[in-house]
């Protein structure tokens with residue numbers, strides 16, 4: 669019978685095993701496989717995922733994080749209201765020139781129809797798969813069903829562009 673490995677050899681083997689698992693999960697550098705936040709798989713969705721120390725993030729989650737960070741700088745939400753962000757990253761039609769002319773008025777009108785207050789909005793444009801994006805910061809009534817409110821806002825603003 670052979671001699672069992674010492675604790676150093678076991679530790680070295682465990683490190684190699686964990687390192688291999690980390691590479692499988694996160695990839696190497698910009699070659700990450702799975703987003704740590706939403707679980708999207710780069711090979712299934714085709715989205716870009718960037719790996720960092722111990723985490724990886726896809727482009728959609730990164731955009732949402734930027735919008736959330738921006739909304740935190742807007743100040744306190746009035747009593748009886750809830751702050752929320754309506755993200756419309758996947759709808760490039762929102763920023764076509766005909767829409768840009770009346771964007772502020774249209775967003776304020778949509779917010780008003782849903783008993784919300786338009787706080788701010790921002791858009792960015794990117795190249796390739798990143799595309800254009802729009803995020804709308806609103807104050808909604810306290811206790812509002814936020815996922816339903818976001819979807820209603822998108823449908824109200826985008827109308828036929830969703831179909």
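Residue numbers (my numbering): 669 to 831.
Ideal Cβ placement from N, Cα and C applies to all residues, glycine included.
- Please name the residue, chosen from 674, 673, 824 and 736, that lies closest to residue 774 on a Cα-to-Cα basis. Checked all of 674, 673, 824 and 736; the closest Cα to residue 774 is 824.
- Straight-line Cα distance separating residue 790 from residue 783: Those two C-alpha atoms are separated by around 21 angstroms.
- Item | C-alpha distance - residue 748 paired with residue 707, whole-angstrom precision | Distance from the CA of residue 748 to the CA of residue 707, rounded to the nearest whole angstrom, comes to 34 angstroms.
- Message: Looking at the secondary structure, which residues open and close the alpha helix (DSSP H) in which residue 776 lies?
- Response: Segment 771-781, the alpha helix (DSSP H) holding residue 776.
- Check whether residue 704 and residue 723 have beta carbons under 8 angstroms apart: Remark: C-beta atoms of residue 704 and residue 723 approach each other more closely than 8 angstroms.
- If you draw a straight line from the alpha carbon of residue 719 to that of residue 725, how long is it in whole angstroms? For residue 719 and residue 725, the distance between alpha carbons rounds to 6 angstroms.
- Message: Tell me the rounded alpha-carbon separation between residue 819 and residue 781.
- Response: If I take the Cα positions, the gap works out to 14 angstroms.
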